[in-house]
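Read the structure below first, then the notes.
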Amino acid sequence: KYLKIFSPATVANVSCGFDSLGLAIDSVGDEMTFTKTEEKGVRITEITGANLPLNAKENAAGAVALAMLEKHPVDFGIEMTMHKGFSPGSGLGSSAASAAGAAFGVNQFLGNPFSQLELTKFAMIGEETACGSAIADNVSAAIYGGFVLVRSYEPLDIIKIPVPTELRVVAIHPQVEVKTKDSRDVLPKEVPLKSAITQWANLAGLISGLHTENYELISNSLTDIIVEPARKHLIPHFDVVKSEALKAGALGAGISGAGPTIFALCKGDTIANDVFASIENAYKNIKIDFNMHRSKIN
Ligand code: HSE
């Protein structure tokens with residue numbers, strides 16, 4: 007009758023995997039509750055931590071729940087509350103956490119009729135409602151957990167990638183809002199073949215490095231020569247933060263999803279702590295407001 011869940015924040019793209027790679031972090035996310043009601047339909051009764059529409063049709067989580075009940079009609083209704091642990095427009099998959107959380111929670115009430123792949127498709131409806139594009143990288147990472155590859159959109163094919171045991175994420179969120187739509191509008195419409203070759207070779211290298219726990223290969227592959235150069239001007243002091251992270255020993259750093267959060271992947275807790283401290287210092291010197299998180303990939 008009542009369910010409470012945690013739905014994680016996610017880092018999409020992970021440098022070389024634009025719209026196709028995502029990872030779930032275990033220290034930041036939303037709390038959502040679900041209550042079975044006699045009255046049919048979907049109602050969102052409370053949202054804290056962000057200013058989002060309570061009207062189910064306009065809300066990422068509400069739209070997902072409505073689509074699921076339409077596909078799988080039942081003689082009860084569902085009431086939801088959402089406690090956002092991080093803000094929309096952060097680049098950490100805020101709408102994806104709500105959409106994926108709704109897909110997971112509603113599925114429990116329906117008796118688990120839907121697979122993880124089907125839940126991802128429902129959650130993509132939430133992404134479309136919130137930001138106009140049905141992108142799968144954040145929602146699939148939130149639903150499957152760990153590291154995921156969206157190998158194909160049509161038909162949708164999600165592949166789980168193993169997470170090396172010592173891999174850690176540091177996420178730095180400068181307090182500016184970047185809308186996914188704006189961040190997609192600055193992207194090139196075409197990519198030179200030479201750049202595409204570099205990018206897909208790095209993506210293959212990263213996947214191979216994750217499978218073999220080869221941190222050097224992971225580090226060499228964590229580059230993005232297509233999307234990052236087009237977007238980095240949207241993020242305050244991106245180059246300074248990235249170079250501090252690399253100096254402190256990060257395997258690589260880049261834009262988390264559509265930004266402005268910057269992520270760094272690190273080998274082990276000690277280096278993650280060093281990277282955390284050096285970026286904290288860099289942003290303090292620049293005098294900009296920011297939030298930071300250290301996390302495992304889970
Ligand atoms: N892959 C997406 C992007 C993530 O970078 O625009 C945001 O949904």
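The sequence shown lines up with residues 7 to 304 when you count with this note's numbering.
The beta carbon of each residue, even a glycine, is placed where N, CA and C say it ideally should be.
So, do the stretch 154-170 and the stretch 134-145 have three or more beta carbon pairs nearer to each other than 8 Å?
-> yes
Say yes only if the C-beta of THR126 is nearer than 6 Å to one or more non-hydrogen atoms of ligand 1, and no if none qualify.
-> Here residue 126 refers to the residue found at position 120 when the sequence shown is read from its first residue. Answer for THR126: no, Cβ out of range of ligand 1.
Buried or exposed for GLN205, please, with buried defined as at least 16 other CB atoms from any protein chain shown within 10 angstroms of its CB.
-> For this step, residue 205 is matched to residue 199 along the sequence shown. GLN205 is buried by the Cβ-count criterion.
HIS217 by DSSP, collapsed to three states: which one?
-> On the sequence shown, residue 217 is found 211 positions in, with the first residue counted as 1. Looking at HIS217 - three-state DSSP - the assignment turns out to be helix.
Ligand 1 heavy atoms versus the CB of GLY255: any closer than 6 Å?
-> The count along the sequence shown starts at 1 and reaches residue 255 at position 249. No, the Cβ of GLY255 stays beyond 6 Å of every heavy atom of ligand 1.
Straight-line Cα distance separating PRO161 from HIS299 | Along the sequence shown, one-based indexing puts residue 299 at 293. Along the sequence shown, one-based indexing puts residue 161 at 155. Taking the straight line joining both Cα atoms gives about 35 Å.
Environment of ASN208 [buried if 16+ CB atoms lie within 10 Å] | Here residue 208 corresponds to residue number 202 of the sequence shown, with the count starting at 1. ASN208 is buried by the Cβ-count criterion.
Start-to-end residues for the alpha helix (DSSP H) that takes in THR135 | In the sequence shown, the residue the question calls residue 135 occupies position 129. Its alpha helix (DSSP H) spans residues 122-137.
What do you reckon, is the C-beta of THR276 under 6 Å from a heavy atom of ligand 1?
-> Position 270 of the sequence shown, counted from the start, is the residue given in the question as residue 276. Checking the Cβ of THR276 against ligand 1 gives no.
Can you tell which of TYR221, HIS179, SER139, VAL182 has the C-alpha that lies nearest to the C-alpha of THR171?
-> Looking up residue 171 in the sequence shown gives position 165. Selected option, being the one with the closest Cα: TYR221.
Output the distance between the C-alpha atoms of ALA177 and ALA270, rounded to the nearest integer angstrom.
-> Here residue 177 corresponds to residue number 171 of the sequence shown, with the count starting at 1. Here residue 270 corresponds to residue number 264 of the sequence shown, with the count starting at 1. Each residue's alpha carbon lies about 6 Å from the other.
Distance CB(ALA288)-CB(VAL247) smaller than 7 Å | Counting from one through the sequence shown, the residue named residue 288 turns up at place 282. Counting from one through the sequence shown, the residue named residue 247 turns up at place 241. Their beta carbons are under 7 Å apart, which means ALA288 touches VAL247 by this criterion.
Exposure label - LYS77; buried when at least 16 CB within 10 Å = As a first step, residue 77 is located in the sequence shown; it is residue number 71 there, counting from the start. With fewer than 16 other Cβ atoms within 10 Å, it is exposed.
Since ILE178 is in the beta strand (DSSP E), which residue starts that stretch and which ends it?
-> Counting from one through the sequence shown, the residue named residue 178 turns up at place 172. Counting along the chain, the beta strand (DSSP E) containing ILE178 begins and ends at 173-180.
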